[in-house]
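Student: Residue numbers (this note's numbering): 241 to 311.
Please read through the structure below; I'll follow up with questions.
The structure is reproduced here in structure tokens:
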């Protein structure tokens, strides 16, 4: 297995975990008063949507690296 495939697989796992854990991560940020979560202009649903979107991008990049590493 190629290094790109291994890195890609790690990104896929990380992205999927980010998609599934987004609501809990947003709640944890709000509990701890993290700067981005403390801003009043963005709703909880918007934060979750952005985190899930980031997870999708990371997953797609990981799939791309896996395909490059395998081919």
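Backbone N, C-alpha and C define an ideal beta-carbon position, used for all residues, glycine too.
Predicted, not measured: the structure shown is a model, and the values here were computed from it.
1) Starting from residue 246, trace the alpha helix (DSSP H) both ways and give me its first and last residue.
2) Is DSSP giving residue 282 helix, strand or coil here?
3) By DSSP, does residue 311 sit in helix, in strand, or in coil?
4) When we look at the beta-carbon of residue 287 and count the other beta-carbons within 10 Å, is it buried (16 or more) or exposed?
Tutor: Quick answer:
1) 243 to 272
2) coil
3) coil
4) buried
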